[in-house]
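Residue numbers (mature numbering (1 follows the signal peptide of the UniProt record, and there is no 0)): -30 to -1, 1 to 418.
Down below is the structure, laid out as structure tokens.
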Amino acid sequence: MSNSINRRSFLGTSLAATGLGAAAASSLPAAEKQAGTKPGASSKPKPIQNDKILHARKVALDILKPTPKQLEHGLQLHADSLVFDSYGFAPRAAIDGDRMAAAIQAKASTAELQDLREDMSMTRCATDPTEQREFKEAFDAAGVTCIFQNAGEEGQDPLRLIKRLARFTFTTDMLADFVPKAVTPDDIVQAKKEGRHCLYLTGNGVPLTQQWETTTDEMKYMRIFFQLGIRMMHMTYNRRNMLGDGCAEPANAGLSDFGRTVVGEMNRLGIIPDVAHSGWQTSLETAQVSEKPVVASHTTCASLHHHIRSKPDNVIKAIADTNGLIGICCIPRYLGGSGDISRLLDHVDYVVKKFGIDYIAIGTDVSYTSRNSALENRKATGAPRGRTPWRSLWPPDNFQETPDMRTSVSWTNWPLFTVGLVQRGYSDADIQKIIGGNILRVCQESIS
């Protein structure tokens, strides 16, 4: 056999790990305790029949070129570990193209169409049998125990934020036997023990009344959203808000006085401050004033590739000093360089070597999308194109992304992220920190 595993054999057996088993797993009691697996327990990766998922595996394997031993070990370690995506999206269902076409024909507004599309993509996995099968297949293929799920649309308006929260509450209620909503870190550990997946919810903004009477009144919805299950909140999105500057603001002003008050309230409630989309100075000052861990849940290292969504070393150090972490995302233009799975691992390596193993995670910021999406989307043409939302405006860049870049870091390739870490020489215990243990620790420290 060649130095890299026979690809056809690998794809045909659909990730059937054979050699690690319970004996090797039982040699890792400390790591297993952190990951929440039963002592000596061993999971079997489930067979995959989905061509889209298999294609993504092949693209990544052609880049990584693991030996058979590395592949086998990495896949089994992944299956046995608690895997926690520090920021991501559950698999997305295809829309109902006929229903969308009817809305277009009825002259629904751009906002209505966007709302309808989002509702269908986030909930049809719970109501449509075909979409549900693919949803479960993708989740099982990824081997992800928990996603810190984006469950609040970008902004501060409670009425806007609550819609996405409602959708994922509905989905987890309807699919509770497969993917319940976790409300405490213990729920995540329990899900792993029971062989289930789960969602831990985050919002892309701090809900504010926006009446500006008193700071106490302005922050009253934060507690309500915590009671509804939100455990992490973006300080800002890309643009400036009343808390601080987003990453796309060239002025790069820092945290406002009100922003400092909000961080204190987040600490009190047990909500993690997330500065992934915040400007560098706002990120730095959030970390400096917080008494609990701060995260940049889905970002990259500016020292490897300068992008407005990256974080420089002084910000990463400040976040690490809070006992927080940096989650490396799977967006090629943020990763720079080769923009692929190997580059993702380069960013992980950088944080570990410069700041330590306890301050790194993977926050993919990508999702698996149903194979039926293209067909259903073709049924719903003719919708008016709206302007780019203000919150999404940022400077253009010259990065040339290729299909294989994004495919190699597909969400369902999570097991190969673990394989890649094996190739980079990390111990099993350290890998388990990177793929889930560190973000679980942050959740535990934040809610205590």
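Where a beta carbon is used, it is the ideal one built from N, C-alpha and C, also for glycine.
Sub-8 Å separation of residue i and residue j beta-carbons
{"i": "phenylalanine 105", "j": "alanine 63", "result": "yes"}
{"i": "valine 153", "j": "threonine 115", "result": "no"}
{"i": "serine 362", "j": "asparagine 120", "result": "no"}
{"i": "glycine 224", "j": "glycine 214", "result": "yes"}
{"i": "alanine 71", "j": "leucine 86", "result": "no"}
{"i": "isoleucine 132", "j": "alanine 60", "result": "no"}
{"i": "arginine 134", "j": "proline 150", "result": "no"}
{"i": "threonine 80", "j": "proline 365", "result": "no"}
{"i": "leucine 45", "j": "isoleucine 311", "result": "no"}
{"i": "glutamate 124", "j": "glycine 58", "result": "no"}
{"i": "histidine 277", "j": "glycine 306", "result": "yes"}
{"i": "glycine 317", "j": "leucine 274", "result": "Glycine is not the amino acid found at residue 317; the sequence shown has histidine there. Cβ distance < 8 Å, so histidine 317 and leucine 274 count as in contact."}
Rounded separation between residue i and residue j - CA only
{"i": "arginine 238", "j": "glutamate 261", "result": "9 Å"}
{"i": "arginine 230", "j": "isoleucine 241", "result": "14 Å"}
{"i": "valine 265", "j": "aspartate 21", "result": "35 Å"}
{"i": "isoleucine 18", "j": "arginine 27", "result": "11 Å"}
{"i": "isoleucine 23", "j": "aspartate 374", "result": "13 Å"}
{"i": "glutamine 75", "j": "cysteine 168", "result": "38 Å"}
{"i": "asparagine 211", "j": "isoleucine 286", "result": "22 Å"}
{"i": "tyrosine 350", "j": "threonine 93", "result": "Before going further, note that residue 350 is alanine rather than tyrosine in the sequence given. Alanine 350 and threonine 93: Cα-Cα distance of roughly 18 Å."}
{"i": "leucine 391", "j": "cysteine 217", "result": "29 Å"}
{"i": "aspartate 143", "j": "cysteine 95", "result": "12 Å"}
{"i": "leucine 314", "j": "alanine 272", "result": "13 Å"}
{"i": "leucine 31", "j": "arginine 376", "result": "14 Å"}
{"i": "glycine 309", "j": "aspartate 110", "result": "25 Å"}
{"i": "threonine 270", "j": "isoleucine 330", "result": "11 Å"}
{"i": "alanine 41", "j": "histidine 48", "result": "Contrary to the premise, residue 41 reads as leucine rather than alanine in this sequence. Using only the alpha carbons, I get a separation of about 11 Å."}
{"i": "lysine 77", "j": "aspartate 156", "result": "47 Å"}
{"i": "alanine 257", "j": "phenylalanine 138", "result": "29 Å"}
{"i": "alanine -9", "j": "valine 389", "result": "With a pLDDT of only 30 at alanine -9, under the threshold of 50, the placement of this residue in the model should not be trusted; the figure read from the coordinates follows. Spanning the two alpha carbons is a distance of roughly 18 Å."}
{"i": "isoleucine 296", "j": "phenylalanine 325", "result": "10 Å"}
{"i": "serine 226", "j": "glutamate 346", "result": "45 Å"}
{"i": "valine 159", "j": "valine 29", "result": "32 Å"}
{"i": "threonine 334", "j": "isoleucine 301", "result": "8 Å"}
{"i": "glutamine 370", "j": "alanine 344", "result": "24 Å"}
{"i": "glutamate 164", "j": "valine 336", "result": "26 Å"}
{"i": "aspartate 291", "j": "valine 321", "result": "13 Å"}
{"i": "aspartate 400", "j": "isoleucine 327", "result": "7 Å"}
{"i": "glycine 113", "j": "glutamine 181", "result": "44 Å"}
{"i": "glycine 406", "j": "valine 412", "result": "10 Å"}
{"i": "proline 282", "j": "glutamine 84", "result": "34 Å"}
{"i": "glycine 10", "j": "threonine 141", "result": "Interpretation of glycine 10 is limited by its pLDDT of 35, a score under 50 that renders its predicted location unreliable; no figure is taken from the coordinates."}
{"i": "methionine 192", "j": "tyrosine 170", "result": "16 Å"}
{"i": "aspartate 66", "j": "arginine 103", "result": "16 Å"}
{"i": "glycine 352", "j": "threonine 372", "result": "28 Å"}
{"i": "arginine 69", "j": "aspartate 98", "result": "14 Å"}
{"i": "isoleucine 409", "j": "lysine 162", "result": "15 Å"}
{"i": "glutamate 82", "j": "serine 91", "result": "14 Å"}
{"i": "valine 379", "j": "isoleucine 417", "result": "31 Å"}
{"i": "isoleucine 404", "j": "glutamate 183", "result": "43 Å"}
{"i": "glycine 122", "j": "serine 280", "result": "22 Å"}
{"i": "asparagine 360", "j": "proline 220", "result": "In the sequence on display, residue 360 carries tryptophan and not asparagine. One C-alpha to the other measures close to 15 Å."}
Where the alpha helix (DSSP H) through residue i begins and ends
{"i": "alanine 223", "result": "Counting along the chain, alanine 223 falls outside any alpha helix (DSSP H), and DSSP gives it neither H nor E."}
{"i": "alanine 81", "result": "80 to 97"}
{"i": "arginine 411", "result": "408 to 417"}
{"i": "isoleucine 311", "result": "311 to 325"}
{"i": "arginine 62", "result": "From DSSP, arginine 62 is part of no alpha helix (DSSP H); its letter is neither H nor E."}
{"i": "aspartate 400", "result": "398 to 402"}
{"i": "proline 385", "result": "384 to 393"}
{"i": "isoleucine 74", "result": "67 to 75"}
{"i": "aspartate 50", "result": "38 to 50"}
{"i": "methionine 203", "result": "That residue, methionine 203, is in no alpha helix (DSSP H); its beta strand (DSSP E) goes 200 to 204."}
{"i": "lysine 190", "result": "190 to 197"}
{"i": "glutamate 346", "result": "343 to 348"}
{"i": "proline 359", "result": "Segment: none, proline 359 is in no alpha helix (DSSP H) and carries neither H nor E."}
{"i": "aspartate 374", "result": "373 to 378"}
Limits of the unbroken beta strand (DSSP E) element including residue i
{"i": "aspartate 55", "result": "54 to 58"}
{"i": "alanine 331", "result": "330 to 332"}
{"i": "proline 365", "result": "No beta strand (DSSP E) contains proline 365, which DSSP labels as neither H nor E."}
{"i": "proline 17", "result": "Per DSSP, proline 17 belongs to no beta strand (DSSP E) and is neither H nor E."}
{"i": "aspartate 244", "result": "242 to 244"}
Whole-number beta carbon distance between residue j and residue i, since they are thought to touch under 8 Å
{"i": "residue 419", "j": "tyrosine 338", "result": "The shown model of the chain, from -30 to 418, leaves out residue 419, and the question about it has no answer."}
{"i": "threonine 206", "j": "serine 248", "result": "5 Å"}
{"i": "methionine 189", "j": "aspartate 244", "result": "Contact doesn't hold; Cβ gap of about 17 Å is too wide."}
{"i": "glutamine 402", "j": "serine 51", "result": "5 Å"}
{"i": "threonine 172", "j": "arginine 201", "result": "7 Å"}
{"i": "proline 263", "j": "glutamate 415", "result": "6 Å"}
{"i": "glutamate 101", "j": "serine 340", "result": "6 Å"}
Proximity test, residue i beta-carbon vs the ligand PLP heavy atom, cut-off 7 Å
{"i": "serine 280", "result": "The model on display carries no ligand, and the ligand PLP is accordingly not part of it."}
**Report entry** Ordered list of alpha helix (DSSP H) runs contained in the stretch 248 to 307, each at least 4 residues
**Finding:** 250 to 259, 283 to 291, 302 to 305, all fully within the stretch 248 to 307.
Query raised in the report: In chain order, which alpha helix (DSSP H) runs of at least 4 residues are fully inside the stretch 107 to 179?
Result: For the stretch 107 to 179, whole alpha helix (DSSP H) runs of length 4 or above, ordered along the chain, are 128 to 144, 155 to 163.
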